[in-house]
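Q:
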Amino acid sequence: MAYDPEAEHAFPDERLNEMLAFIENDVEIQTYLEAQNVNAVARKGYNDHGTKHIEIVRNRALLLYDLLKRGDVEFNGAADQGLDEADESVIIALAATIHDIGHVVHRDSHSYYSIPLAADLLDRILPNFYDTANAVRMKGEVLHAILCHHTEEDPLTTEAGVIRVADALDMEHGRSRIPYEKGGRGINTVSSQAIKKVSLRRGDTVPVLVEIKMLNAAGVYQVDNLLKAKLHKSGLEDDIRIVALNVREGTDHIVERVEL
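In this note's numbering, the protein residues as written are 456 to 715.
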């Protein structure tokens, strides 16, 4: 379920594609994405927070954006600043890409460390695409979305809510591969190993249906403790339906189905 900027989406935009190409070829950004995994994984034994995590979060954030737009959900971040509708997806792409760079300082309180580091990056990146006034406005919206991926801060924009939820949607078993192979058996690692597949599509009664396939009941931790906490106060509670199913055959299921 990769986000393909060349595919036909509800709101294709050249501005987003240009920003994605810039991100992909920027050495400083790509180095941050590699370096931020050192404290998180190598030193603390947590799940992946590096390049692959960022790719998944950004893809799912942009897919969430498309589905929500198709469902006529209003986005207010860019609009409140007098920016273009096309800037909504750019805010989301940038925030998703650099939301975790504070890990290079420390895993603990990393969202707060991300702010000054991201601000420096944005001061270099945004003038390539915006005049000074709009660069300032974009910078503020991206930093707000970065800060609010942390559950201690409440999103004030739909764009920030998308980042918050998308961050928790990277929960499939591959994310915990490194700590698991090194013998890590903490709840984050074990519960990620229990998640087989995460799918996003249009819902019947809400804009977005998130379907999570679990291999055992340990996956409930990812759904009920992590994803539920991110969805809470995201501003998207009424727009996203989450269904988790235990799909392993031939076993006694402690948990058959969880629905949020």
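Note that beta-carbon positions come from the ideal geometry of N, C-alpha and C, so glycine has one too.
Taking all protein chains shown into account, decide if asparagine 701 is buried (16 or more other Cβ within 10 angstroms of its Cβ) or exposed.
A: buried
Q: In terms of residues, what are the limits of the beta strand (DSSP E) holding alanine 699?
A: 695-701
Q: Under the three-state reduction of DSSP, which class applies to leucine 576: helix, strand or coil?
A: Helix, per DSSP.
Q: From phenylalanine 477 to alanine 573, what does the alpha carbon distance come to, in whole angstroms?
A: 15 Å
Q: Starting from methionine 669 and walking both ways along the alpha helix (DSSP H), at which residues does that stretch end?
A: Here methionine 669 belongs to no alpha helix (DSSP H); instead the beta strand (DSSP E) covers 663-669.
Q: When DSSP labels each residue in this structure, what does arginine 562 get in the three-state scheme?
A: coil
Q: Return yes when the Cβ of leucine 682 is within less than 9 Å of the Cβ of alanine 623, no when it is not.
A: yes
Q: Look at the Cβ atom of lysine 652, then the Cβ atom of arginine 562, and state whether they are nearer than 9 Å.
A: no
Q: Pull the bridge partners of leucine 656 from the DSSP assignment, please.
A: In the sequence under discussion, the amino acid at residue 656 is arginine, which differs from the leucine named in the question. DSSP output for arginine 656 lists Leu664 as bridge partner(s).
Q: Where do the ends of the alpha helix (DSSP H) carrying glutamine 491 lie?
A: 482-492
Q: What is the DSSP secondary structure of lysine 688, reduced to helix, strand or coil?
A: coil
Q: Can you say whether arginine 619 is buried or exposed, counting buried as having 16 or more other CB atoms within 10 angstroms of its CB?
A: With 16 or more Cβ atoms within 10 Å of its Cβ, arginine 619 is classed as buried.
Q: So is glycine 720 buried or exposed if we call it buried at 16+ other beta carbons inside 10 Å?
A: Outside the modelled stretch of the chain, which goes from 456 to 715, sits residue 720, for which no answer is possible.
Q: Looking at the structure shown, is lysine 651 part of a helix, part of a strand, or coil, going by DSSP?
A: strand
Q: Does DSSP put asparagine 502 in a helix, a strand or coil?
A: coil
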